[in-house]
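There are 2 protein chains.
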Amino acid sequence: MPEPEKDNRMIIDCHGHYTTAPRSLEDFRASQAAFFPDPAKLASLRPPVITDDQLRESIETGQLRIQRSRGVDLTIFSPRAAGMSHHIGDAKTSEAWSTVCNDLIHRICTLYPASFVGVCQLPQSPGTSPANCVAELTRCVEELGFIGCNLNPDPSGGHWKDPPITDRSWYPLYERMVELDVPAMIHVSASCNPAFHTSGAHYLNGDTSAFMQLVEGDLFRDFPTLKFIIPHGGGAVPYHWGRYRGLAQDLKRPPLAQHLLENVFFDTCVYHQKGIDLLTGVIPSRNVLFASEIIGAVQGIDPETGFHFDDTRRYIEAAPIDAASRTLIYEGNARRVYSRLDGWIERTDGHPNGCRLSPLASNRH
Amino acid sequence: MPEPEKDNRMIIDCHGHYTTAPRSLEDFRASQAAFFPDPAKLASLRPPVITDDQLRESIETGQLRIQRSRGVDLTIFSPRAAGMSHHIGDAKTSEAWSTVCNDLIHRICTLYPASFVGVCQLPQSPGTSPANCVAELTRCVEELGFIGCNLNPDPSGGHWKDPPITDRSWYPLYERMVELDVPAMIHVSASCNPAFHTSGAHYLNGDTSAFMQLVEGDLFRDFPTLKFIIPHGGGAVPYHWGRYRGLAQDLKRPPLAQHLLENVFFDTCVYHQKGIDLLTGVIPSRNVLFASEIIGAVQGIDPETGFHFDDTRRYIEAAPIDAASRTLIYEGNARRVYSRLDGWIERTDGHPNGCRLSPLASNRH
Chain L
1 MPEPEKDNRM IIDCHGHYTT APRSLEDFRA SQAAFFPDPA KLASLRPPVI TDDQLRESIE
61 TGQLRIQRSR GVDLTIFSPR AAGMSHHIGD AKTSEAWSTV CNDLIHRICT LYPASFVGVC
121 QLPQSPGTSP ANCVAELTRC VEELGFIGCN LNPDPSGGHW KDPPITDRSW YPLYERMVEL
181 DVPAMIHVSA SCNPAFHTSG AHYLNGDTSA FMQLVEGDLF RDFPTLKFII PHGGGAVPYH
241 WGRYRGLAQD LKRPPLAQHL LENVFFDTCV YHQKGIDLLT GVIPSRNVLF ASEIIGAVQG
301 IDPETGFHFD DTRRYIEAAP IDAASRTLIY EGNARRVYSR LDGWIERTDG HPNGCRLSPL
361 ASNRH
Chain Z
1001 MPEPEKDNRM IIDCHGHYTT APRSLEDFRA SQAAFFPDPA KLASLRPPVI TDDQLRESIE
1061 TGQLRIQRSR GVDLTIFSPR AAGMSHHIGD AKTSEAWSTV CNDLIHRICT LYPASFVGVC
1121 QLPQSPGTSP ANCVAELTRC VEELGFIGCN LNPDPSGGHW KDPPITDRSW YPLYERMVEL
1181 DVPAMIHVSA SCNPAFHTSG AHYLNGDTSA FMQLVEGDLF RDFPTLKFII PHGGGAVPYH
1241 WGRYRGLAQD LKRPPLAQHL LENVFFDTCV YHQKGIDLLT GVIPSRNVLF ASEIIGAVQG
1301 IDPETGFHFD DTRRYIEAAP IDAASRTLIY EGNARRVYSR LDGWIERTDG HPNGCRLSPL
1361 ASNRH
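Residue numbers (the working numbering), protein chains in the order written: chain L, 1 to 365; chain Z, 1001 to 1365.
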């Protein structure tokens, strides 16, 4: 691969989850699931006790080690996506669980402010109005300094029983997002439907389905500044960009660039060079945000390259795009889409945990 | 685009549906839906009366006109995919509907044997064993000369309530497919779930989900000669080929080439050049079958090219592949995967409706 440019550009990974939390977090969640729906037992549950040392160990041997080894400066960090599992319990269960998970993200971002910035899980629940998420979103942004949220378009976990994301029931949440000036990553959680493998089918289907809901709808007429990031390279969308352009035309929607691309962005969690080449060749550079989702869906080394499948920086470095596009993908777009990110970076500039200008090293972790 | 080679190669489109049937077919279906579940009223329903002239008109002004204009010789032809709607009624309703639809395909293939060869719809129904499809499959192959079937991995129409296609409940159907030596195209039908647009989400999700079910399972150990075609370019799969290779490795499955590629094939219903370039650059040529799905999901002209989105032959002609690969994609793979196709072609060789060697003309239909 070509030698990466050594400049002042930051590399921001917009898609990281806390997948290495201490076991006690999982135990808490298992108790929640076991105690549901008994209100007395649920009320007796206390948040797991996790020390700063435990957090540091889980991060320094996990995400931080890998992101440093790959020259990634800052990760936009949220609770484990599959762990959200909004289908477990009810809205109250989801509220308690979201609080615990988001508080842990806040503590990590406080310990390593130059390396992690927070995005929250929302207390969604099947059949419950997304309005119930407004309070937790507000708390996370205003009190914890978070810069966005993850929005699950299918809280039922693979049964798709809730209305499309263009439905008016979502509007109270969108109104608050716009007021707070934070985007959402559209990210489903674990599948409890045996037809869908979580990361091999449900995630990609969620991305594809949400995008098509946006094609059909007219959401950004009502919310011109609302912004969504569709992860995993947009599911099937860029590969089928001709189909989507054609469907939009047949459905009498405006051209996609005008209909959606001021508001919809794709991440780079596509784990091979040709996929990244397609993504960056089809989708305008200003709509692509660097991401890896490390310690995530695919953790092994690609025998064809000798590097980790999820080492997406290598693919971006090798993609046939110009330097300006690469800078947008690594940094500029993240700063624009996550409008509150600049403020976070200014506040943390010079923090000893920062790793700006760190070289791209071997990633054999 | 380069001038296509003028040789004796056939161009076989493996993915065509009878989407232009006379209105009386739709009326019959509407009556079925309206009469369900009243057995007396359903029994009173007679198949729609459609004359040969009506069939000829619908075909000659529709599929046949377009396929000739694009130099396609033969289409592997089946009932309208969205029309299957296995979620309507019950197994008996599906049986009656499948018989009517398959008989129409048979009549078209009898009228135009050099241009169309049949693939059948199966009388699937949610919660009903796929074993109930064996009789209709047998009838279509042995009596009507069909060479394959379309298998719906989600008869519930977007609710995904049936077991994965690797489940043993499917085995009686697979046993018969193997005995008859016919493959299945894995193709969902209309979505009755508002979360999924039929051709913009559900189709691609169906492709992606079925592939991942095959990654997780071990179906071809039990059926080493069973063959599946995954349409719409494989949904999200080739774009995420690295993810799938990595997931297979993490799940301790054999490498995909060994695990699936003797049995799983992708069609070329990808409606832009860069998508086809990805497909043909990632998936071995022997696993790709030419297809367009004309008068289908996307019917307009691409303003960026001036040609129809679904004129996939243009993309295959322009793809950076060698002549041998192109011949496999156009003809060789279809003959190999649809093992009974050679017999059909031999029987119909010299038929006046054949259009071998027709040039690639303007496709402004």
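Every residue gets a Cβ at the ideal spot worked out from N, C-alpha and C, and that includes glycine. As the structure is a prediction and not an experimental result, all values here were calculated from the model.
key: chain Z contact for L:Thr20 (CB, 8 Å cutoff)   = Chain Z, which has no Cβ nearer than 8 Å to the Cβ of L:Thr20, makes this no.
ask   = Leaving out the 5 sequence neighbours to the left and right, which residues in its chain are closer than 7 Å to Z:Gly1233 when beta-carbon positions are compared?
value = Scanning its chain for C-beta atoms nearer than 7 Å, with the 5 sequence neighbours on each side dropped, one finds around Z:Gly1233 the residues Phe1266, Asp1267, Thr1268, Cys1269, Val1270, Gly1275 and Leu1279, in chain order.
ask   = Since Z:Arg1010 is in the alpha helix (DSSP H), which residue starts that stretch and which ends it?
value = One point to set straight first is that residue 1010 of chain Z is Met, not Arg, in the sequence displayed. Counting along the chain, Z:Met1010 falls outside any alpha helix (DSSP H), and DSSP gives it neither H nor E.
query = How would you label L:Ser24, buried or exposed, when you count the other beta carbons within 10 angstroms and need 16 or more for buried?
reply = Its Cβ having fewer than 16 others within 10 Å, L:Ser24 is exposed.
key: Bridge partner(s) assigned by DSSP for L:Thr348   = For L:Thr348, DSSP assigns no beta-bridge partner whatsoever.
ask   = Going by other Cβ atoms of all chains shown within 10 Å of its Cβ, with 16 needed for buried, is Z:Pro1039 buried or exposed?
value = With fewer than 16 other Cβ atoms from the protein chains shown falling within 10 Å of its own Cβ, Z:Pro1039 counts as exposed.
message = If distances are taken between C-alpha atoms only, which option among L:Arg107, L:Lys92, L:Asp52 and L:Arg176 comes closest to L:Pro123?
response = Selection L:Arg107, L:Lys92, L:Asp52 and L:Arg176 evaluated against L:Pro123 yields L:Lys92 as nearest (Cα-Cα).
inquiry  = Assuming contact is defined by CB atoms lying nearer than 8 Å, are L:Thr20 and L:Ser78 in contact in what I supplied?
reply    = In this structure, L:Ser78 does not lie closer than 8 Å to L:Thr20 by Cβ.
request  = Given a cut-off of 8 Å, decide if L:Ser209 and Z:Asn1205 are closer than it, judged by their beta-carbon atoms.
outcome  = Taking 8 Å as the Cβ cut-off, Z:Asn1205 and L:Ser209 qualify as a contacting pair.
inquiry  = What does the alpha-carbon distance come out to for the pair Z:Glu1331 and Z:Gly1016?
reply    = Computed Cα separation, rounded: 15 Å.
key: Where the beta strand (DSSP E) containing Z:Cys1149 begins and where it ends   = Its beta strand (DSSP E) spans residues Cys1149 to Leu1151.
L:Phe307 (DSSP reduced to helix, strand or coil) = Here L:Phe307 sits in coil by DSSP.
message = Can you pull the chain L neighbours of Z:Lys1274, defined as C-beta to C-beta under 7 Å?
response = Chain L residues near Z:Lys1274: Leu278, Gly281 and Val282.
ask   = How would you list, in chain order, the residues of chain L whose beta-carbon sits under 7 Å from the beta-carbon of Z:Ser1209?
value = The answer, in chain order, is Ala195, Phe196, Ala201 and Asn205.
query = Using DSSP with H/G/I as helix, E/B as strand and the rest coil, what is L:Pro164?
reply = L:Pro164 falls in the coil class under three-state DSSP.
ask   = Out of L:Lys41, L:Glu26 and L:Ile66, which has the shortest C-alpha to C-alpha gap to L:Ile50?
value = That would be L:Glu26, whose Cα lies nearest to the Cα of L:Ile50.
inquiry  = I believe L:Leu144 touches L:Asn102 by the beta-carbon criterion, under 8 Å. Please report the beta-carbon distance rounded to the nearest angstrom.
reply    = Sure, about 7 Å apart at Cβ, within 8 Å.
message = Does any residue of chain L have a CB that is nearer than 8 Å to the CB of Z:Gly1235?
response = It does; some Cβ of chain L falls within 8 Å.
key: L:Asn8, buried or exposed, once every other Cβ within 10 Å from all chains shown has been counted against 16   = So L:Asn8 ends up on the exposed side.
message = Closer than 8 Å is the cut-off here; do at least three beta carbon pairs connect the region 1331–1343 of chain Z with the region 1277–1297 of chain Z?
response = In short, these stretches touch, since the Cβ pair count reaches three.
ask   = In whole angstroms, what is the alpha-carbon distance linking L:Ile147 and L:Val117?
value = Looking at the two C-alpha atoms, the distance is approximately 7 Å.
request  = Output yes if chain L places a C-beta closer than 8 Å to the C-beta of Z:His1240; else output no.
outcome  = At least one chain L Cβ lies under 8 Å of Z:His1240.
query = Can you list, in chain order, the residues of its chain whose CB lies under 6 Å from that of Z:Ser1362, leaving out five sequence neighbours each side?
reply = Because the pLDDT at Z:Ser1362 is just 36, under 50, the model does not fix this residue reliably, and the value given afterwards should be weighed accordingly. Nothing listed; no residue qualifies.
ask   = Any idea what DSSP makes of Z:Pro1255, helix, strand or coil?
value = Assigned with DSSP and collapsed to three states, Z:Pro1255 falls in coil, not helix or strand.
query = What residues from chain Z crowd round L:Tyr244, counting only those whose CB sits closer than 8 Å?
reply = Result: Gly1200.
key: Cβ pair Z:Ile1186, Z:Ile1230 closer than 8 Å   = In this structure, the beta-carbon distance from Z:Ile1186 to Z:Ile1230 falls below 8 Å.
key: Per DSSP, cross-strand counterpart(s) of Z:Ala1184   = Per DSSP, Z:Cys1149 and Z:Phe1228.
key: Candidates L:Tyr18, L:Gly89, L:Arg70 and L:Ile294, of which the one nearest L:Gln121 by Cα   = Closest by C-alpha distance to L:Gln121, out of L:Tyr18, L:Gly89, L:Arg70 and L:Ile294, is L:Tyr18.
message = For a cutoff of 8 Å on Cβ pairs, would you count L:Leu247 as touching chain Z?
response = Taking Cβ atoms only, chain Z reaches closer than 8 Å to L:Leu247, which makes this a yes.
query = Excluding sequence positions up to five away, which residues of its chain have a Cβ less than 6 Å from the Cβ of L:Gln54?
reply = Around L:Gln54: Pro22.
ask   = Which residues, in order along the region 1213–1234 of chain Z, keep a beta-carbon less than 8 Å from a beta-carbon of chain L?
value = The residues in question are Gln1213, Val1215, Glu1216, His1232 and Gly1233.
task = Assuming Z:Ile1387 and Z:Gly1062 form a contact by the criterion Cβ under 8 Å, report the distance between their Cβ atoms to the nearest whole angstrom.
result = Past the edges of chain Z, shown from 1001 to 1365, lies residue 1387 of chain Z, and the structure says nothing about it.
query = For the region 162–194 of chain L, which residues have a beta carbon sitting closer than 8 Å to at least one beta carbon of chain Z?
reply = The region 162–194 of chain L vs chain Z, Cβ under 8 Å: Asp162, Pro163, Pro164, Asn193 and Pro194.
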